[in-house]
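The structure appears right after this line, and notes come after that.
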Amino acid sequence: MTLPRQKIVILGGGPGGYEAALVAAQLGADVTVVDSDGIGGACVLTDCVPSKTLIETSNAMTLVNRSAGLGIATGGPASVNATRLYHRITDLARAQSSDIAARLAAEDVKVITAKGSLVGPGLVRAGDEQLRADAILVATGARPRILPGAQPDGERILTWRQLYDLTELPPDLIVIGSGVTGAEFASAYQALGSRVTLVSSRDRVLPHEDQDAANHIEEVFRRRGMTVLGRSRGRSVRRDRDGVTVTLDDGRTLTGSHCLLTVGMIPRTEHIGCDEAGVKLDARGFIEVDRVSRTSAPGVYAAGDCTGVLMLASFAAMQGRIAMWHALGEAVHPVRLDHVAATIFTDPEIATVGVTQRAVTAGEVSARVLELPLRTNPRAKMAGFTEGFVKLLSSPGTGVILGGVVVAPRASELILAVSIAVEQRLTVEQLAQTFAVYPSLSGSITEAARKLMEFTPDTP
Ligand SMILES: Cc1cc2nc3c(=O)[nH]c(=O)nc-3n(C[C@H](O)[C@H](O)[C@H](O)COP(=O)(O)OP(=O)(O)OC[C@H]3O[C@@H](n4cnc5c(N)ncnc54)[C@H](O)[C@@H]3O)c2cc1C
1 MTLPRQKIVI LGGGPGGYEA ALVAAQLGAD VTVVDSDGIG GACVLTDCVP
51 SKTLIETSNA MTLVNRSAGL GIATGGPASV NATRLYHRIT DLARAQSSDI
101 AARLAAEDVK VITAKGSLVG PGLVRAGDEQ LRADAILVAT GARPRILPGA
151 QPDGERILTW RQLYDLTELP PDLIVIGSGV TGAEFASAYQ ALGSRVTLVS
201 SRDRVLPHED QDAANHIEEV FRRRGMTVLG RSRGRSVRRD RDGVTVTLDD
251 GRTLTGSHCL LTVGMIPRTE HIGCDEAGVK LDARGFIEVD RVSRTSAPGV
301 YAAGDCTGVL MLASFAAMQG RIAMWHALGE AVHPVRLDHV AATIFTDPEI
351 ATVGVTQRAV TAGEVSARVL ELPLRTNPRA KMAGFTEGFV KLLSSPGTGV
401 ILGGVVVAPR ASELILAVSI AVEQRLTVEQ LAQTFAVYPS LSGSITEAAR
451 KLMEFTPDTP
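Letter by letter, the sequence shown follows residues 1 to 460 in the numbering used here.
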């Protein structure tokens, strides 16, 4: 006798939803994804993919403008063709969305283009249809938070989702908010040739990140000519004839050509039937989940930005996969927050994994910390950059690598070595004995491990 196929319904086709759909289909389930705005989600269509594509161009610009120092004769500073740049970005995002839709179709996942909501136990509404499900996954994402006094008009006052409709590069851009998104766009637009003012409500940019890395990037921003305003909270933004006026909380005003709002995200959990289905939200409207993505309602899981646990595409995808493995009876490891690698795509990039120095300073974790500047790295010298560092944290007793920070061009690629060390509980000795290519930036990771070995094991 064959058992009936389990029915899975997924609300939302971003990485939280589509990666879960692929896993569930692979496990033989009958899977339907209900998505309102486009497969790939905000991740692919408006947020992660477009911003990283923009940043690839800004990195190329930096390289071109640095090339004279590397012995290349050019005809002067490079400039950007904004229309071509934005078309490339939107075309690439659409193509990525189509690729994912094709993958879902190839795995027999049904996709319904509609707004969906939970109706009750095991029941979902998708437009006019009612769908029965053995398990439901909610992965509806989040949207940009808007300041009450700064209504985006899509022309001069913008959320990051509206940038790619512009026909020019903002000549004088004011970015309100200096978290990850604000810092990334400020860095990219400055490299592309905009004059940038970054308004930070805290003492420094990237207040939640490794303090050394944040200080370093702020210094780089200032050295390159960015105006960084600390302890300055944007209160309102007014559209003028040819630009914008931003009023800060203390009454100061700033003028620019455009204003970009990067002041956080609001979960898309309104009007999706959470109350009806008994799905509990926290005070900020995020869906409460445990480490295998279960909500408070039996049979209803949630993944991604709508849970607010860690707002990263890779994390959303992992939460979604774990939900499906759990729902379909597979062995599953609860998600580990302290092993998640993340990158801030400024120039240089800031990549982190594992235990943070903040936790060490707060006395929550005991660790040795070693920071090695990249300016002595031979490959860095050859490439002509002097900024950045590698930081490793290890257990004082066992020498096990607990975490790390890499500030460097392509730190997003370099961090994998530290990630593997953290995940596999490698010791500084094991990392130090691993071959790194000469010359390479990753040579600084093994060198940092060698330096940490000088202290290991702990002497009484
Ligand atoms: C500017 C920016 C850059 C970023 N860069 C990175 C990065 O470099 N790396 C990284 O890991 N993360 C990055 N992120 C974060 C990443 O984009 C998110 O963590 C990721 O999109 C979360 O995926 P998700 O599936 O939860 O939601 P989303 O990608 O938002 O997808 C949710 C989907 O649900 C649909 N939906 C919503 N409500 C309904 C409904 N009622 N019915 C049907 N469908 C619905 C939406 O249409 C959407 O398609 C970035 C974020 C921003 C803002």
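Note that CB positions come from ideal geometry on N, CA and C, so glycine has one too. Fair warning: this is a prediction, and the values are worked out from it, not measured in the lab.
Assigned exposure category for residue i - 16 Cβ within 10 Å defines buried
i: P460; result: Confidence at P460 is low in this model, with a pLDDT of 40, below 50, so the placement of that residue should be treated as unreliable; the coordinate-derived value is given next. Under this definition P460 is an exposed residue.
i: V31; result: buried
i: G76; result: exposed
i: P334; result: exposed
i: V49; result: buried
i: E454; result: exposed
i: T427; result: buried
i: T386; result: exposed
i: H216; result: buried
i: G40; result: buried
i: R241; result: exposed
i: G225; result: exposed
i: V289; result: buried
i: R84; result: exposed
i: K381; result: exposed
i: G13; result: buried
i: L461; result: Because the chain in this structure spans residues 1 to 460, residue 461 falls outside the shown range and cannot be described.
i: P170; result: buried
i: L104; result: buried
i: V437; result: exposed
i: L261; result: buried
i: L337; result: exposed
i: F210; result: Note on residue identity: the sequence assigns Asp, not Phe, to residue 210. Buried: at least 16 other Cβ atoms inside 10 Å.
i: K391; result: buried
i: T352; result: buried
i: Q190; result: buried
i: A297; result: buried
i: D99; result: exposed
i: D91; result: exposed
Whole-Å CB distance - residue i paired with residue j, under 8 angstroms assumed
i: N65; j: A78; result: 6 angstroms
i: E129; j: I157; result: The Cβ separation is near 38 angstroms, so there is no contact.
i: V34; j: L63; result: Actually they do not touch by this definition, with Cβ atoms about 43 angstroms apart.
i: G299; j: G122; result: 6 angstroms
i: V9; j: L131; result: 5 angstroms
i: C259; j: I287; result: About 31 angstroms; that fails the 8 angstroms criterion.
i: G154; j: D172; result: In fact, because the Cβ distance is near 18 angstroms, the residues do not count as touching under 8 angstroms.
i: S236; j: A101; result: Not confirmed; about 40 angstroms, so no contact.
i: P15; j: A316; result: 5 angstroms
i: V292; j: V332; result: 6 angstroms
i: G264; j: V246; result: With 8 angstroms as the limit, G264 and V246 do not qualify as a contact, their Cβ atoms being about 17 angstroms apart.
Any non-hydrogen atom of ligand 2 closer than 7 angstroms to residue i Cβ
i: L11; result: With respect to ligand 2, the structure offers nothing, as its ligand set consists of ligand 1.
Open item on the list: Is it the case that the stretch 264-280 contacts the stretch 136-151, given that we only count it when at least three CB pairs across the two stretches are under 8 angstroms?
Closed with: yes
Open item on the list: Three or more C-beta pairs under 8 angstroms: does that hold for the stretch 176-183 against the stretch 202-211?
Closed with: yes
Open item on the list: Please give the ranges of any beta strand (DSSP E) in the stretch 138-198, keeping only runs that are unbroken, at least 3 residues long and fully inside the region.
Closed with: 142-144, 157-159 and 172-176
TODO: Kindly confirm or deny that the stretch 217-235 and the stretch 344-360 touch, where touching means at least three C-beta pairs closer than 8 angstroms.
DONE: yes
Task: Three-pair Cβ contact test at 8 angstroms for the stretch 23-30 versus the stretch 105-122 - done: yes
- [ ] Ignoring anything shorter than 4 residues or poking outside the stretch 417-444, list the alpha helix (DSSP H) runs there in chain order.
- [x] 428-432
Task: Stretch pair the stretch 306-324 + the stretch 11-30: three plus CB contacts closer than 8 angstroms - done: yes
TODO: Output the residue ranges of the alpha helix (DSSP H) runs that lie fully inside the stretch 231-268 and measure 4 residues or longer, sorted by chain position.
DONE: none
- [ ] Mind listing, in chain order, the continuous alpha helix (DSSP H) runs of no fewer than 4 residues lying wholly within the stretch 303-330?
- [x] 313-327
Open item on the list: With a threshold of 8 angstroms, are at least 3 pairs of Cβ atoms found where one atom belongs to the stretch 405-414 and the other to the stretch 427-438?
Closed with: no
Open item on the list: Quick test of the definition: if touching needs 3 or more C-beta pairs under 8 angstroms, does the stretch 362-373 touch the stretch 438-456?
Closed with: yes
- [ ] Please confirm if the stretch 67-74 is in contact with the stretch 180-189, defined as three or more CB-CB distances below 8 angstroms between the two stretches.
- [x] no
- [ ] Could you tell me which uninterrupted beta strand (DSSP E) segments, each at least 3 residues in length, are contained entirely in the stretch 346-377, listed from first to last along the chain?
- [x] 349-354 and 368-373
Task: Every unbroken beta strand (DSSP E) within the stretch 77-111, with a cutoff of 3 residues, ordered by chain - done: none
Open item on the list: With three or more C-beta pairs closer than 8 angstroms as the rule, is the stretch 254-268 touching the stretch 142-159?
Closed with: yes
Open item on the list: Please give me, in chain order, every unbroken run of the beta strand (DSSP E) with length at least 3 that falls completely inside the stretch 382-419.
Closed with: 389-394 and 401-408
TODO: At 3 residues or longer, and completely inside the stretch 15-48: list those beta strand (DSSP E) runs for me, N to C.
DONE: 30-35
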